[in-house]
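If you read the sequences in order, they're chains A and B.
For the first sequence, the residue numbers in the numbering used here are 1 to 143.
For the second sequence, the residue numbers in the numbering used here are 144 to 532.
Single-structure report; data block below.
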Amino acid sequence: MAKKELDTRFSKFGTVSFTSISKTNDFVGYLEQGKVMGTKCKICGLEFFPPRADCYKCLSSDMEWFEVAGKGKLLTFSRLQYGPVGFEGDLPYAIALADFGSYKVFGRIAGDIPADDIRVGMDVTVAANTLPNGQLNYVFNKA
Amino acid sequence: MGKVGVIAVGQSPFVRGYPGSIRELAFEAFKEAMQDADITVKDIDATIVCSAPEYDKQRSPAGVFAEYLGLTPQPTFYVETLCSSSTTGLKLAYSFVKSGLHDVVLVLGFQKMSEISSAESQERMGRGADIQWESPFGTMMPAYYAMYARAHMAKYGTTSEDLALIRVKASTYGQINEKAVYRKAVSLDMFTDPESPISGPVATPLRVGDCCANADGSSCLIVASEEKAKALSKNPVWILGIGAASAPVNMAGRDLFTGLTVGEIAGRQAYKMAGMTPKDIDVAEVHDCFTIAEMMAYENLGFAKPGQGRELIRNKETYKEGSIPVNVDGGLLSKGHPIGATGGSQVRTIVLQLRGEAGAIQVKDPEIGLVHNIGGVGLYGNVVILGRS
Ligand SMILES: [Zn+2]
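Structure (structure tokens):
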């Protein structure tokens, strides 16, 4: 009998992924389709980003996916001059946190936004992104 | 129930590239503490070893140290909460003693960071954050704290110069701390001089001068019940309040970006337990892994109102002669930050201050001291209030 193939899609997330198997592997599947998705608990309605397989509030694992859509506000950011091992090729790059109302999103700022144009409080949208090494992540664009 | 005291403290020099193995590094702080207490290994009932794993090839160092330091067959175990590991060890030691399980507990913090490169070390520290959802974006400790600095600046108008002033203060005392890894003078001008390494950008808005250095080091605290403390020590320092808290590891799970909730919550617990307010504190050691971290600590601990921390440093209120001296041993910024040893070193400074044995950095006649030790990017926080009586 053929061995069942492991679903290791999570290893495609980010420039370097430190996780290969997660119950939220579909997140990466959605990124491939150009969508950034979070999860919502079907029992209590709590929305999670980053997505979670399990709800700590009602202990349910019955989740549905929702798309991170609309505009968020940039809460804070930093532009890195040095990166960890494996990220040297991406430098310089900026990481940021944006508020989307019922959840927040941590990610990269799109590389084509000039450093001087990034401001706390600016409106951003989120978009799936393919990195030069073929890996997938998502970035903030100016809304 | 009786009080719990710290009867001895020890610390190795914090250095780059310690020329020995981890058990030998541990011995340095251990020896100083044992000589400080003037006791023997028979007096120690249990040992807690504290560090952040991954820097060493040795797994489970507690057993190795117990053997090397002659602390077998007493129980020993290992605890970690990243950079706050050794104050977590202190909290456990307090609980052991308070419960009556053990009378005298030795807390040994250590870290030998130099066995791996600085970039590898940054990557390992970065993995103290959320490796599933954040590390794939290329996160690092300085960048996380830089995000807090950016938010503080945006909300309150704190400037890069305000942060630089904290480093200038640290270097004032680091220069006279023989155990500090960084002993050079740092001036405000160096932050704007493109020729100075201090001015180099790391993660905006933080520059090289805003960041502490990695170091190898060890620290040792000996904690005892009131009865034992009085029998074994002429000058025990008492633990009056001890608080601890955690926060979501993922930045997206947090609500505050101008301060660290763990510092605030742990501080509140410690003040309540000690029956004190920020005004009662005569000298403090706060977790200044980055200049912004000290600024936030001023505010989270109630030394200043939110957004007003800059007034403290601008007016030199946190210098030795000021109204609330903070990190007058040079702080992590000057001493260096050997993760697992850091909290124990902070406690040592406060114990020496309260005993009046702090030498050139002695604050005038302090009664009450405070230690604020943070693990990760505000992931864990411990606050300890110590007093002479
Ligand atoms: Zn639920």
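All C-beta atoms, glycine included, are put in the ideal place defined by N, C-alpha and C.
All of these numbers come straight from a predicted model, not from anything done at the bench.
- Excluding the 5 residues flanking it on each side, B/P218 has same chain C-beta neighbours closer than 7 Å at A189, in chain order.
- Taking 8 Å as the cut-off, the beta carbon of A/N141 is found no closer than this to the beta carbon of A/T130.
- For the pair B/T401 and B/A387, the Cα-to-Cα distance works out to about 20 Å.
- For B/L251, DSSP records a beta bridge to B/V192, B/C363.
- Out of B/K255, B/L214, B/N516, the CA that lies nearest to the CA of B/G163 is found in B/K255.
- For B/W381, there are no C-beta contacts with chain A under 8 Å, since the nearest C-beta of that chain is about 38 Å from it.
- Note: B/Y221 is bridge-paired with B/V192 in the DSSP secondary-structure output.
- B/S361 and B/Q154 have their alpha carbons spaced roughly 6 Å apart.
- Considering only B/Q505, B/D186, B/D332, B/F208, the residue with the shortest C-alpha distance to B/F170 is B/F208.
- The Cβ of B/G269 sits closer than 8 Å to at least one Cβ of chain A.
- Within 10 angstroms of the beta-carbon of B/D273 lie 16 or more other beta-carbons, which makes it buried.
- The beta carbons of B/A356 and B/G479 sit about 5 Å from each other, so the pair counts as a contact at 8 Å.
- The Cβ neighbour count for B/K448, taken over all protein chains shown within 10 Å, is under 16; the residue is labelled exposed.
- Buried is the label assigned to B/N320, since at least 16 other Cβ atoms lie within 10 Å of its Cβ.
- Per DSSP, reduced to three states, the secondary structure at B/R270 is coil, with no helix or strand assignment.
- CA-to-CA, the gap between B/I150 and B/L214 works out to about 18 Å.
- Only N393, M394, A395, F400 from the segment 391-404 of chain B bring a Cβ to less than 7 Å from some Cβ of chain A.
- In the three-state DSSP reduction, B/S389 falls in the strand class (E or B).
- In the displayed model, A/N141 falls within a strand according to three-state DSSP.
- Residue state for A/R119 is assigned as coil, using DSSP reduced to three classes.
- Contacts with chain A at 8 Å (Cβ-Cβ) do not include B/E197.
- For A/T39, the three-state secondary structure derived from DSSP is strand.
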